[in-house]
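Order-wise, the sequence lines are chains A and B.
So for the first sequence, the UniProt record's numbering puts the first residue at 1; every next one is plus one.
So for the second sequence, the UniProt record's numbering puts the first residue at 1; every next one is plus one.
C-beta atoms are modelled at their ideal positions from N, C-alpha and C, and glycine is treated no differently.
Since the model is a prediction, treat every value here as computed from it, not as a measurement.
Structure first, commentary second.
There are 2 protein chains.
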Amino acid sequence: MEKNIISAMEVAKLANVSQSTVSRVFTPGASVSEKTRKKVLQVAEELNYQPNALARGLITKKTNMVGLAMKDIQNPFYHEVLGIFTKKLKAMGYSVLFVYTENEEIQQEEINHFLEYNVEGIIVTDALLSSKIVSKLKHNRIPVILFNRNDKSLQCHSVSCDNIDAAGSIAKYVFEKGYKEIVFITGKINTSTSQDRQKGFVDFLISKGIVVTILESDYTYEKSFELTKNLIQSGYKPDAIFGANDITALGALDALKDRKISVPDETIVIGFDNIKMAAWPNYSLSTWVQPVEEMVDETINLLTLNSNDDEPKAVKVKGHFIHRKTTK
Amino acid sequence: MEKNIISAMEVAKLANVSQSTVSRVFTPGASVSEKTRKKVLQVAEELNYQPNALARGLITKKTNMVGLAMKDIQNPFYHEVLGIFTKKLKAMGYSVLFVYTENEEIQQEEINHFLEYNVEGIIVTDALLSSKIVSKLKHNRIPVILFNRNDKSLQCHSVSCDNIDAAGSIAKYVFEKGYKEIVFITGKINTSTSQDRQKGFVDFLISKGIVVTILESDYTYEKSFELTKNLIQSGYKPDAIFGANDITALGALDALKDRKISVPDETIVIGFDNIKMAAWPNYSLSTWVQPVEEMVDETINLLTLNSNDDEPKAVKVKGHFIHRKTTK
DNA sequence: TATACTTTTGCATACGTATGCAAAAAAGGA
DNA sequence: TCCTTTTTTGCATACGTATGCAAAAGTATA
Chain A
1 MEKNIISAME VAKLANVSQS TVSRVFTPGA SVSEKTRKKV LQVAEELNYQ PNALARGLIT
61 KKTNMVGLAM KDIQNPFYHE VLGIFTKKLK AMGYSVLFVY TENEEIQQEE INHFLEYNVE
121 GIIVTDALLS SKIVSKLKHN RIPVILFNRN DKSLQCHSVS CDNIDAAGSI AKYVFEKGYK
181 EIVFITGKIN TSTSQDRQKG FVDFLISKGI VVTILESDYT YEKSFELTKN LIQSGYKPDA
241 IFGANDITAL GALDALKDRK ISVPDETIVI GFDNIKMAAW PNYSLSTWVQ PVEEMVDETI
301 NLLTLNSNDD EPKAVKVKGH FIHRKTTK
Chain B
1 MEKNIISAME VAKLANVSQS TVSRVFTPGA SVSEKTRKKV LQVAEELNYQ PNALARGLIT
61 KKTNMVGLAM KDIQNPFYHE VLGIFTKKLK AMGYSVLFVY TENEEIQQEE INHFLEYNVE
121 GIIVTDALLS SKIVSKLKHN RIPVILFNRN DKSLQCHSVS CDNIDAAGSI AKYVFEKGYK
181 EIVFITGKIN TSTSQDRQKG FVDFLISKGI VVTILESDYT YEKSFELTKN LIQSGYKPDA
241 IFGANDITAL GALDALKDRK ISVPDETIVI GFDNIKMAAW PNYSLSTWVQ PVEEMVDETI
301 NLLTLNSNDD EPKAVKVKGH FIHRKTTK
């Protein structure tokens, strides 16, 4: 079943013009008279002609494709991110080559996929990248941008929330309310987001003489639920729990409910991300809003900047706290 | 900043062979002596050579790309689907060109994106497709498969759960438990999934002389929450609620909690999909398991079948009920 | 060593497009 | 009408790869 791709040549013949002219009709800004343009467009319509992006990419070295690699597909935050990325990139004429990586670190093989297709940039959310790969990409002049990650040892741009600052604000809030028994539940401990949120939170409280209990989790609901439940059962009763993200906080919240601890009266809970579920009545989780749209805009901006010889930029956005029913 | 793509020609020169030979080294099954293969691979490694998928696709008419179009990115069920699709397709050497469509119906423009890149097949989850587009794709000999949708009026394959049968089983369960005041909450009413689940459920119960109350919702948590809450406030007290999907059921569940109705003692709740959240302790939702892996396998199977001249196949898989704490 | 046979290689061409250059056509000016 | 200027068009070529065909190289047989 051969795929009968109809080419510009065929359109040209039927329209009594050259292939070049057909090409120009489909090239914005090229010089074609109105009369021939109309004629060509009509024939193209009849034949269902579609310019071939592969051939075009081959010659212009512009593929209009962007590689997007994601890891933690379980976290609703990233679904939102995915949606916004594809929406905005489409609006700019880019197509998205999507890779979902199961491994902690993006693999060479996955990057090769991107390279083979000559993507014009790579966006990595929520996954690690080896410096070897980064330098290979740099050598190939393909910009790569870490989204919601921030690795200073890597020579690439990054866009993230100012996690240290945000977590500091939350710490300040918790401190000023007078809470003393405070818990932080980490995400995956090798991620910059978790590290920064921990640092911002703990450092502020330490400066006030408060020691924070750390529960080492992994961004999953299940782990966070279990850790919190165990903590309560061990006899410790926290005033305040801050989770490294919303899913983490929800796990803690459900564990508290399970142990019949009233929220926010006995314990308050705060998350990070403001995923859709945080607003569900049953949860109504107080959380830090990451300005996703803004973060995506910044990322695309860096992508199209096309000045990858200068030093890597680490863009930080602010966001804000939103008070719901798990704080008072 | 020109992108200096290194070509097979450059590798050839350095390795003292022809470009053809380099090509053959990277073409599985081609005839190359072990000696030259090693030499070429070494040079290729040195130069960071990467075969160009665009050029290859141009000549072989095989792009190894599959178009994936999704709509309801808010539903966790589809995130799982997305993950499994990309994982399995990657394993088969396919790349995924991803489109997230906001519109109810996939737009011409979005399909054009796929066509321009010569994708080898298109998977549409959860969105509608005009028959005009389908016939255009058929004309271009690009197989298109509806995932979790089933439109008999369209000339294309589809893979879905046997929704009528599944909903019938659930109706049987509800009937045999002796419930009389039964509610079905729809999804988007113009989707085949919602229609079929409603049909299977209602038809069985009608045959037993039971009239089902229908709440017309749209697959969102919020709408379902509100409708259920209103229903209760109007004075109606259901024995059993079946939601067109899990998100719908969770909305109903939270509304019941909000109205202080005990689940499952006063009212039981059943969902459909078995998303990860259904297993969370706080919800522990009884639901119908859609065998996602199997559905994805069937889809990819149809995609690679490559016999799109015969009539469209509508593959149905079964799935099974999973009992948790919202039923007794 | 000569012959037949097999494997490996290079040459040439094709895929479908974009684009510099020069020729052709159209438009403007007198 | 003729000449100049501008716009539109076609020709030829390039992008980086795969592949049929024939030449070359290697291997086996007698």
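Residues near residue i in its chain [Cβ-Cβ closer than 6 Å; skip 5 each side]
i                 : result
ILE232 of chain B : ARG259
VAL99 of chain A  : ALA69, GLU110
THR327 of chain A : PRO264, ILE268, SER286
GLU181 of chain B : PRO238, ASP239
PHE321 of chain A : TRP288
Amino acids of chain A, ordered along the chain, whose beta-carbon sits closer than 9 Å to that of residue i
i                : result
VAL99 of chain B : THR86, LYS90, SER95, VAL96
LYS71 of chain B : Chain A residues near LYS71 of chain B: none, gap ~10 Å exceeds 9 Å.
Assigned secondary structure, residue i (DSSP; H/G/I helix, E/B strand, else coil)
i                 : result
HIS323 of chain A : coil
SER286 of chain B : strand
MET92 of chain B  : coil
PHE225 of chain B : helix
ASP273 of chain A : strand
ASN182 of chain A : Sequence check: residue 182 of chain A is Ile here, not Asn. Note: ILE182 of chain A maps to strand in three-state DSSP.
LEU146 of chain B : strand
GLU266 of chain B : coil
SER160 of chain B : strand
THR299 of chain A : helix
THR191 of chain A : coil
MET1 of chain A   : Here MET1 of chain A scores only 44 on pLDDT, less than 50, and its place in the model should not be relied on; the value that follows carries that caveat. Of the three classes helix, strand and coil, the one that applies to MET1 of chain A here is coil, per DSSP.
ILE73 of chain A  : coil
GLU105 of chain A : strand
TYR173 of chain A : helix
VAL134 of chain B : helix
ILE206 of chain A : helix
LYS61 of chain A  : coil
TYR78 of chain A  : helix
THR27 of chain A  : coil
Reference residue i, options the options, closest by Cα
i                      : options                                : result
ILE316 of chain B      : B:ASP151, B:LYS223, B:ALA252           : Per the sequence presented here, residue 316 of chain B reads as Lys, with Ile not at that position. Per the Cα distances, B:ASP151.
GLY251 of chain A      : B:MET277, B:GLN19, B:GLU226            : B:MET277
PRO238 of chain A      : A:GLN290, A:ALA255, A:HIS320           : A:ALA255
GLN50 of chain B       : B:SER23, B:ALA279, B:ILE73             : B:SER23
GLU10 of chain B       : B:VAL43, B:LYS132, B:LYS257            : B:VAL43
ASN190 of chain A      : A:ALA244, A:ALA30, A:PHE77             : A:ALA244
residue 391 of chain B : A:LYS71, A:GLY83, A:ALA91              : What the structure shows of chain B is the stretch from 1 to 328, and residue 391 of chain B is not part of that stretch, so it cannot be assessed.
ALA91 of chain B       : B:ILE275, B:ILE300, B:HIS320           : B:ILE300
GLU216 of chain A      : A:ASN230, A:ILE206, A:LYS208, A:GLU102 : A:ASN230
SER95 of chain A       : B:HIS113, B:GLY83, B:GLU102            : B:HIS113
LYS325 of chain B      : B:ASN282, B:LEU303, B:VAL289           : B:ASN282
GLU120 of chain B      : B:LEU128, B:THR101, B:LEU89, B:LEU129  : B:LEU89
HIS157 of chain A      : A:ILE322, A:PHE321, A:THR304, A:HIS323 : A:THR304
Residues that residue i contacts on chain B, provided the C-beta gap is smaller than 8 Å
i                : result
THR63 of chain A : LEU54
Neighbourhood of residue i by C-beta, 7 Å cutoff - its chain only, sequence neighbours within 5 removed
i                 : result
VAL25 of chain A  : VAL32, ARG37, VAL40, LEU41
SER192 of chain A : ARG149, ASN150, ASP151
PRO76 of chain A  : ILE275, LYS276, MET277
VAL292 of chain B : GLU80, VAL81, ILE84
TYR78 of chain B  : MET70, ASP72, THR125, ASP126
Cross-chain neighbours of residue i in chain B, by beta carbon under 7 Å
i                 : result
THR282 of chain A : Here residue 282 of chain A turns out to be Asn, not Thr, going by the sequence shown. Those within 7 Å of ASN282 of chain A in chain B are ASP254, LYS257.
LYS276 of chain A : GLN74
Chain A contact residues for residue i, given Cβ-Cβ distances below 7 Å
i                 : result
PHE225 of chain B : PRO281
LEU231 of chain B : What LEU231 of chain B touches in chain A: nothing, since even the nearest Cβ is about 16 Å away.
GLY83 of chain B  : ILE73, TYR100
Listed by chain order, chain A residues near residue i by CB distance under 8 Å
i                 : result
HIS320 of chain B : Near HIS320 of chain B there are no residues of chain A at all, since even the closest Cβ is about 23 Å away, more than 8 Å.
Own chain, CB closer than 8 Å to residue i, minus 5 neighbours either side, in chain order
i                 : result
ASN118 of chain A : GLY57, LYS61, THR63, MET65
PHE201 of chain B : ALA167, GLY168, ILE170, ALA171, PHE184, VAL212, PHE242
MET1 of chain B   : For MET1 of chain B, the pLDDT reaches just 44, beneath the cut-off of 50, and the residue's location in the model is therefore unreliable, although a value from the coordinates is still provided. For MET1 of chain B, where only same-chain residues beyond five positions count, there are no Cβ hits under 8 Å.
ASN48 of chain A  : ILE6
GLU298 of chain A : VAL159, VAL315, VAL317
Proximal chain B residues relative to residue i, where beta-carbon distance stays under 9 Å
i                : result
PRO76 of chain A : GLN74, PRO76, HIS79
VAL5 of chain A  : The residue asked about is misnamed: residue 5 of chain A is Ile in this sequence, not Val. Within 9 Å Cβ-Cβ: LYS61, ASN118, ASN140.
Pull out every residue of the stretch 105-124 of chain B whose Cβ sits closer than 9 Å to any Cβ of chain A, in chain order. GLU109, GLU110, ASN112, HIS113, PHE114, LEU115, GLU116, TYR117, ASN118, GLU120
Can you pull out the residues from the UniProt domain "HTH lacI-type" (10-60) of chain B whose beta carbon lies closer than 9 Å to at least one beta carbon of chain A? ASN48, GLN50, PRO51, ASN52, ALA53, LEU54, ALA55, ARG56, GLY57, LEU58
Pull out every residue of the stretch 157-182 of chain A whose Cβ sits closer than 9 Å to any Cβ of chain B, in chain order. none
Residues of the stretch 124-158 of chain A with Cβ closer than 9 Å to any Cβ of chain B, in chain order: LYS136, HIS139, ASN140, ARG141, ILE142
Contact residues within the stretch 210-225 of chain B, judged by C-beta distance below 7 Å to chain A: TYR221, PHE225
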